[in-house]
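Before any comments, here is the structure.
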Amino acid sequence: MRYFLELSYKGTSYHGWQRQPNAISVQQVLEEALSTLLGKETQIVGAGRTDAGVHAKQMFAHFDTDISENQASELVFRLNRFLPESIAIIAAHPVASDAHARFDAIYRSYEYHITSQKNPFANEQAYFFNAPLDIEAMNTAAAFLLKHTNFKCFSRSKTDVKTYDCDVIEAFWEQKSELIFHISANRFLRNMVRAVVGTLLDIGTSKLSLSGFQSVLDSQDRQQAGSSAPANGLFLTKICYPKHYL
Numbered sequence: 005m006r007y008f009l010e011l012s013y014k015g016t017s018y019h020g021w022q023r024q025p026n027a028i029s030v031q032q033v034l035e036e037a038l039s040t041l042l043g044k045e046t047q048i049v050g051a052g053r054t055d056a057g058v059h060a061k062q063m064f065a066h067f068d069t070d071i072s073e074n075q076a077s078e079l080v081f082r083l084n085r086f087l088p089e090s091i092a093i094i095a096a097h098p099v100a101s102d103a104h105a106r107f108d109a110i111y112r113s114y115e116y117h118i119t120s121q122k123n124p125f126a127n128e129q130a131y132f133f134n135a136p137l138d139i140e141a142m143n144t145a146a147a148f149l150l151k152h153t154n155f156k157c158f159s160r161s162k163t164d165v166k167t168y169d170c171d172v173i174e175a176f177w178e179q180k181s182e183l184i185f186h187i188s189a190n191r192f193l194r195n196m197v198r199a200v201v202g203t204l205l206d207i208g209t210s211k212l213s214l215s216g217f218q219s220v221l222d223s224q225d226r227q228q229a230g231s232s233a234p235a236n237g238l239f240l241t242k243i244c245y246p247k248h249y250l
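Numbering (the numbering used here), first residue to last: 5 to 250.
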């Protein structure tokens with residue numbers, strides 16, 4: 005039977021989601037825990053790949069097992085006792101045998117958190133940036149993303165993707181106790197959100213004009229965009245599937 009495992013994690017101690025040959029990853033820790041508790045090697049397929057240090061408030065991964073639906077809550081309980089404090093299992097959702105955590109996702113949402121006050125208790129979950137920012141200009145630039153399709157300018161130069169096209173459905177800044185950037189799209193390129201944030205910060209500090217931002221988008225050249233914002237402020241916050249899935 006196939007399940008969608010819903011989880012959250014603090015990414016500080018991990019070298020991203022995906023298994024790495026010489027570094028600890030969230031996927032590795034989960035697969036080892038599942039394999040131990042289920043008594044046989046169990047592989048999981050994640051809904052995406054977060055980079056080293058990036059957090060997830062909501063992540064999904066599918067796996068196959070012989071356990072029945074009425075045993076799923078017990079598995080969640082046992083996993084949470086077995087896993088480190090940095091990973092929490094929210095639920096195990098029974099799904100169709102051909103449901104796919106990555107390919108069946110409709111859209112994904114991220115938040116990027118910025119704090120203007122130095123806080124030793126928040127430095128692993130927000131980027132400390134205390135320069136004055138023109139948030140109105142940053143929001144104007146963010147709206148450009150909704151009208152654009154090819155985001156090669158925000159992608160890592162060495163990548164195996166077949167297309168750089170993404171459908172961004174929302175992108176905006178919100179000032180709360182922290183400054184938060186919200187962005188949702190059907191898919192994201194590796195490092196894309198952090199590169200977008202870094203470039204929008206250049207808008208906010210007047211290092212880059214709005215017309216210059218449009219030129220960056222049109223260039224399809226990563227060298228024209230700003231530096232990537234640090235990983236510690238980035239959160240994967242939501243993954244949406246068809247209603248009948250969960």
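For every residue, glycine included, the Cβ atom is placed at its ideal position computed from N, Cα and C. In this text, all values refer to a predicted model and were calculated from it rather than measured experimentally.
### Task
May I have a chain-ordered list of the beta strand (DSSP E) segments no shorter than 3 residues that lie completely inside the region 33 to 110?
59 to 68 and 91 to 99
### Message
If you measure between the beta carbons of Leu221 and His152, is that distance less than 8 Å?
### Response
yes
### Query
Using 8 Å as the threshold, is the region 144 to 158 in touch with the region 74 to 90, meaning 3 or more CB pairs across them?
Not touching, per the Cβ criterion.
### Task
Decide if Ile207 is buried, meaning its Cβ has at least 16 other Cβ atoms within 10 Å, or exposed.
buried
### Query
Going along the chain, which residues of its own chain have a beta-carbon closer than 6 Å to the beta-carbon of Ser231, five neighbours each way excluded?
Gly202
### Query
Are at least three pairs of beta-carbons, each pair with one atom in the region 186 to 202 and one in the region 49 to 56, less than 8 Å apart?
yes
#### Entry: Separation of Tyr116 from Phe185, as counted between CA atoms
Using only the alpha carbons, I get a separation of about 5 Å.
### Query
For the putative contact between Leu240 and Gln129, defined by C-beta atoms under 8 Å, what is the C-beta separation to the nearest angstrom?
The Cβ separation is near 13 Å, so there is no contact.
### Query
Can you give the Cα-Cα distance for Gln227 and Phe64, rounded to whole angstroms?
33 Å
### Message
If the criterion is Cβ atoms closer than 8 Å, does the pair Leu205 and Ala175 meet it?
### Response
no
### Task
Check whether the Cβ atoms of Ile118 and Glu182 lie closer than 8 Å to each other.
yes
### Query
In this structure, does DSSP put Asn154 in helix, strand or coil?
strand
### Task
Check whether the region 32 to 51 touches the region 85 to 105, counting contact only when three or more Cβ pairs, one atom from each stretch, lie closer than 8 Å.
yes
### Query
For Ile187, which residues does DSSP report across the bridge?
Answer is Tyr114 and Ala175.
### Query
Using DSSP with H/G/I as helix, E/B as strand and the rest coil, what is Glu10?
strand
### Message
Does Glu10 pass the burial test, meaning 16 or more other C-beta atoms within 10 Å, or should it be called exposed?
### Response
buried
### Message
I need the DSSP call for Ile243, collapsed to helix, strand or coil.
### Response
strand
### Phe133 in three-state terms, based on DSSP
coil
### Task
Report the partner residues of Thr119 according to the DSSP bridge assignment.
DSSP lists Phe132 as partners of Thr119.
### Task
Using the Cα positions of Gly20 and Asn190, report the straight-line distance between them to the nearest angstrom.
20 Å
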